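Beneath this line is the structure, given in structure tokens, with notes to follow.
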Amino acid sequence: MKESALEICRHSVAHIMAAAVLEIFPEAKIAIGPAIEDGFYYDFDLAHTLHPQDLAKIEKRMKKIIQQNIMFEKEMLAKAEAVKLFENLGQSYKLELLQEIPDTEVSIYKAGNFIDLCRGPHLHSTKEIKAFKLLKIAGAYWRGDEKNKMLQRIYGTAFATQEELDQYLKNLAEAEQRDHRRLGKDLELFSFHEEAPANVFFHSKGAFIFNELIDFARKENTKRGYSEVMTPMIMHADLWHRSGHWDNYRENMYFTQIDGKEFAVKPMNCPGGLLIYKSTRHSYREMPMRVAEFGRVHRHEKSGVTHGLFRVRTFVQDDAHIFCTEEQIEEEIKGVIEQVFYTYKKFGFKDFLIELSTMPEKAIGDKKVWDKAEAALKAALEHSKISYKLNPGDGAFYGPKIDFHIKDCLGRKWQCGTIQLDFSMPERFALEYTGSDGQAHQPVMIHRAIFGSLERFFGILIEHYAGAFPLWLAPVQVKLLPIADRHLKYTEKVVKELKEAGLRVEIDESSEKIGHKIRVAQLQKVPYMFIIGDKEVKDKKVALRSRKEGDLGAKSLKAILRILQSEIDSNK
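The opening position of the sequence shown corresponds to residue 1 in our numbering, with each subsequent residue numbered one higher.
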């Protein structure tokens with residue numbers, strides 16, 4: 001099945017699910033039920049609290065409806081007639097949606113006794129539905145607004161064949177085992193607390209990995225000629241008016257009053273970088289200027305959309321802003337693209353999807369300027385021979401962008417990096433440099449992030465590696481497991497040598513049996529274990545055990561250090 005055909009199928013199954021819910025719970029009010037990337041959902045206003053066992057009941061009723069080979073029938077109605085229809089059906093959410101449709105005529109779809117306000121398209125009949133599964137129940141505010149009523153959302157999926165569905169369910173089960181929220185707790189990486197909703201608390205092991213990501217990015221930036229800056233967290237409201245954030249991003253910002261004046265907590269780093277640029281004069285000889293910032297930003301996300309590390313209210317971006325001439329745009333973008341791919345491959349990602357996102361409905365700047373910026377990004381992609389998908393209307397409010405999606409080991413897509421070309425901000429902030437002609441010129445600004453949100457990228461890494469980080473990134477690289485207390489003295493000597501070699505180590509000094517110690521280290525996903533008993537003390541060796549390969553036999557410490565250093569060097 002082509003993707004578009006699959007979306008049609010999933011949308012049709014969403015209608016059949018809503019029909020089944022109405023048959024079982026006639027008092028239910030139906031809201032919206034679209035196809036989404038991996039399936040579909042439908043939102044219900046229902047007095048009965050849905051439980052997992054209800055899904056089996058709804059599935060059974062759906063199968064009964066499907067077996068009747070019911071046709072999906074489209075019908076055009078005058079808007080007034082549609083209002084009367086949904087009033088008679090008691091479907092208040094459909095009436096609210098109808099009020100927002102400007103057309104005098106609307107389309108509805110019928111499937112047996114079920115009627116929905118819908119543009120379609122849909123399958124010809126229910127007999128075309130071959131494989132589906134209802135997956136879970138969740139809460140969802142009507143229209144995504146937490147001021148509105150909380151509805152009950154049922155998620156499901158559908159595929160062209162049972163084999164495809166079975167594979168998807170297998171991947172889903174694997175994804176649950178890799179859930180970064182569970183692994184984050186089990187591996188003592190991070191936690192969340194109600195005292196700071198949707199704000200992550202990194203524990204020592206998690207903080208180590210987080211800082212390693214920054215160190216990696218910082219070294220790569222230095223190699224590529226970036227300088228690094230730091231800008232304030234809270235800045236005056238006038239700045240955000242000038243940047244356009246006040247008009248285009250205000251609902252996502254936090255505000256505070258200081259000495260009777262209004263300030264905002266920064267949701268993005270770029271305005272601060274613009275002020276730094278303006279603080280001194282610049283010449284064409286300095287171009288391109290590559291300026292990086294690992295800046296913490298705060299964004300007001302609705303509670304219904306926050307999700308572990310993937311969607312938090314404060315996060316660090318590996319931001320950079322490149323100030324350059326128009327002639328330098330393409331080469332600079334090519335350089336960023338190279339760094340993006342280099343970085344992702346270093347972390348084990350090999351499959352990518354690139355999107356070019358164009359001018360959104362809510363935007364600043366002249367249309368001609370946007371066209372020029374979009375053409376420049378397109379040229380850089382095409383001259384680099386990179387295939388991409390056009391994503392109309394999804395650019396940033398200040399400029400078009402290239403978005404980089406990575407695919408993890410389960411084939412799931414994650415949006416991470418971005419390159420945004422901006423002619424508007426330099427104009428708004430009256431940025432200048434002196435050209436070779438001695439005249440003032442306006443630079444072009446390229447916004448770029450590679451990890452994007454470091455918190456989000458960390459979460460992706462946890463799930464991609466299933467918590468089993470490569471040796472160079474693991475917070476604990478070696479766990480020493482003395483069999484008895486009499487082996488502790490030699491174990492501590494080994495620890496000293498390992499630490500001098502720059503390795504991160506822990507000792508399990510518990511009185512548990514060695515089998516239990518090994519199991520604990522395996523659950524902690526430590527890359528290597530050193531088992532030390534009487535023989536190892538006598539021979540001045542350790543019994544080496546690998547997380548991946550199991551028992552590797554007794555070896556000298558010198559030999560083991562060579563093995564470990566080689567593995568670190570090959571991956572880092």
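Heads up, the beta-carbon is just placed ideally off N, CA and C, and yes, glycines get one too.
Fair warning: this is a prediction, and the values are worked out from it, not measured in the lab.
Exercise for review: May I ask you to report which of helix, strand or coil DSSP gives M235?
Suggested key: Translated into positions along the sequence shown, residue 235 becomes position 235. It is a strand residue.
Exercise for review: Taking only runs that begin and end inside the segment 95-129, name each unbroken beta strand (DSSP E) of 3 or more residues, in chain order.
Suggested key: 105-111, 114-117
Exercise for review: Let me know the beta strand (DSSP E) ranges lying completely inside the segment 461-543, each 3 residues or longer, listed in chain order.
Suggested key: 478-482, 505-507, 528-532
Review point. Do three or more CB pairs link the segment 40-49 to the segment 141-156 at distances below 8 Å?
Key: yes
Check your understanding: Which term fits F420, buried or exposed, when burial requires 16 or more other beta carbons within 10 angstroms of its beta carbon?
Key -> Numbered from 1 along the sequence shown, position 420 holds the residue referred to as residue 420. Correcting the residue type first, residue 420 is Gln in the shown sequence and not Phe. Q420 comes out buried.
**Study point:** Helix, strand or coil at T343 according to DSSP, with G and I counted as helix
**Key:** Against the sequence shown, residue 343 aligns to sequence position 343. It is helical.
Exercise for review: Could you give the DSSP three-state label for H321: helix, strand or coil?
Suggested key: Taking the sequence shown and counting its residues from 1, the one referred to as residue 321 is at position 321. Here H321 sits in strand by DSSP.
Point to revise | Whole-angstrom distance between W472 and I568, CA atom to CA atom | key: For this step, residue 568 is matched to residue 568 along the sequence shown. For this step, residue 472 is matched to residue 472 along the sequence shown. The straight-line gap from Cα to Cα measures roughly 5 Å.
Practice item. Please look up how many angstroms separate the CB atoms of A158 and I137, rounded, as I've assumed it's under 8 Å. Key: Mapped onto the sequence shown, residue 158 falls at position 158. Mapped onto the sequence shown, residue 137 falls at position 137. That pair is no contact at about 17 Å.
Check your understanding: For the candidate residues E355, D422, A20, whose alpha-carbon lies nearest to that of N391?
Key -> On the sequence shown, position 391 is the one that residue 391 refers to. The shortest C-alpha separation from N391 is found at E355.
Practice item. Would you mind reading off the limits of the beta strand (DSSP E) that contains V291? Key: Position 291 of the sequence shown, counted from the start, is the residue given in the question as residue 291. 289-298 is the span of the beta strand (DSSP E), which, as asked, contains V291.
Review point. What are the residues that DSSP puts in a beta bridge with W575?
Key: This structure cannot settle anything about residue 575, because the visible part of the chain is limited to 1 through 572.
Point to revise | Inside the segment 361-407 only - alpha helix (DSSP H) runs reaching at least 4 residues | key: 367-383
**Study point:** Secondary structure of K185, DSSP reduced to three states
**Key:** Within the sequence shown, the letter at position 185 stands for residue 185. In this structure, K185 counts as helix in the three-state DSSP scheme.
Point to revise | Inter-residue Cα distance where the pair is L431 and G295 | key: Within the sequence shown, numbered from 1, the residue matching residue 431 stands at position 431. Within the sequence shown, numbered from 1, the residue matching residue 295 stands at position 295. The straight-line gap from Cα to Cα measures roughly 22 Å.
Review point. Where does K147 sit, in a helix, a strand or coil, going by DSSP?
Key: For the purposes of this step, residue 147 is identified with residue 147 of the sequence shown, where counting begins at 1. K147: coil per DSSP, three-state reduction.
Check your understanding: If we ignore side chains and look at the alpha-carbon of each, how far apart do G365 and S424 end up?
Key -> Numbered from its first residue, the sequence shown carries residue 365 at position 365. Numbered from its first residue, the sequence shown carries residue 424 at position 424. Cα-Cα distance, rounded: 6 Å.
Exercise for review: Please list, in chain order, all residues of the same chain as P334 whose beta carbon is under 7 Å from its beta carbon, the five residues on each side excluded.
Suggested key: Locating residue 334 in the sequence shown gives position 334, counting from the first residue. Note on residue identity: the sequence assigns Lys, not Pro, to residue 334. Only A380, S384 meet the Cβ criterion.
Check your understanding: Does the Cβ-Cβ distance between G273 and T314 come in under 9 Å?
Key -> Residue mapping note: residue 273 aligns to position 273 of the sequence shown, counting from 1. Residue mapping note: residue 314 aligns to position 314 of the sequence shown, counting from 1. No, these two residues do not count as a Cβ contact at 9 Å.
Check your understanding: Just curious, the alpha helix (DSSP H) that L55 is in, first and last residue?
Key -> Residue mapping note: residue 55 aligns to position 55 of the sequence shown, counting from 1. Element bounds for L55: 52-67.
Check your understanding: From the DSSP output, which residues share a beta bridge with Y226?
Key -> Walking along the sequence shown from the start, residue 226 turns up at place 226. Looking at the DSSP assignment, Y226 forms no beta bridge with any residue, so it has no partner.
Review point. Apart from the five residues just before and just after T434, which ones in its own chain have a Cβ nearer than 6 Å to its Cβ?
Key: Stepping through the sequence shown from its first residue, residue 434 is reached at position 434. Here the set comprises S283.
Check your understanding: Does DSSP put K74 in a helix, in a strand, or in coil?
Key -> Sequence index remark: in the sequence shown, residue 74 carries index 74 (1-based). K74 falls in the strand class under three-state DSSP.
Point to revise | Residue nearest to S227 in terms of C-alpha spacing, selected from M233, M235, A217, I234 | key: Start at 1 with the first residue of the sequence shown, and residue 227 comes out as number 227. Nearest option by C-alpha distance: A217.
Review point. Between the segment 532-551 and the segment 470-484, do at least 3 Cβ pairs fall closer than 8 Å?
Key: yes
**Study point:** Coarse secondary structure for H282, derived from DSSP in three states
**Key:** The count along the sequence shown starts at 1 and reaches residue 282 at position 282. Here H282 sits in coil by DSSP.
Check your understanding: At which residues does the beta strand (DSSP E) containing Q415 begin and terminate?
Key -> Counting from 1 along the sequence shown, the entry for residue 415 is found at position 415. Start and end: 413-422.
Check your understanding: In three-state DSSP terms, what is I24?
Key -> To locate residue 24, count along the sequence shown from 1; it is residue 24. Three-state DSSP puts I24 in a helix.
Check your understanding: Just the Cα atoms here: how many angstroms apart are H447 and F349?
Key -> By 1-based counting over the sequence shown, the position of residue 447 is 447. By 1-based counting over the sequence shown, the position of residue 349 is 349. Taking the straight line joining both Cα atoms gives about 23 Å.
Check your understanding: Whole-angstrom Cβ separation of A131 and L169, contact assumed at under 8 Å?
Key -> For this step, residue 131 is matched to residue 131 along the sequence shown. For this step, residue 169 is matched to residue 169 along the sequence shown. At roughly 10 Å, the Cβ-Cβ gap does not stay under 8 Å, so A131 and L169 are not in contact.
Practice item. State the start and end residues of the unbroken beta strand (DSSP E) segment that holds S570. Key: Locating residue 570 in the sequence shown gives position 570, counting from the first residue. From DSSP, S570 is part of no beta strand (DSSP E) but of the alpha helix (DSSP H) over 557-571.
Check your understanding: What does a CB cutoff of less than 6 Å around E59 pick up in its chain, not counting 5 residues either side in sequence?
Key -> In the sequence shown, residue 59 corresponds to position 59, counting from 1. The answer, listed in chain order, is L134.
Review point. Are D186 and L523 touching if we call contact CB-CB under 9 Å?
Key: Reading the sequence shown from its first residue, position 186 is the one you call residue 186. Reading the sequence shown from its first residue, position 523 is the one you call residue 523. Yes; because the gap between Cβ atoms is below 9 Å, this pair is in contact.
Exercise for review: Go ahead and label V340 buried or exposed: buried means 16 or more other beta carbons lie within 10 angstroms of its beta carbon, across all protein chains shown.
Suggested key: Reading the sequence shown from its first residue, position 340 is the one you call residue 340. The residue is buried, with at least 16 neighbouring Cβ atoms inside 10 Å.
Review point. Thinking C-alpha only, which one of W414, Q317, R290 is nearest E332?
Key: For the purposes of this step, residue 332 is identified with residue 332 of the sequence shown, where counting begins at 1. Minimum Cα distance to E332 is reached at R290.
Review point. Where S204 and S191 are concerned, what is the direct C-alpha to C-alpha distance, given to the nearest angstrom?
Key: Numbered from 1 along the sequence shown, position 204 holds the residue referred to as residue 204. Numbered from 1 along the sequence shown, position 191 holds the residue referred to as residue 191. One C-alpha to the other measures close to 11 Å.
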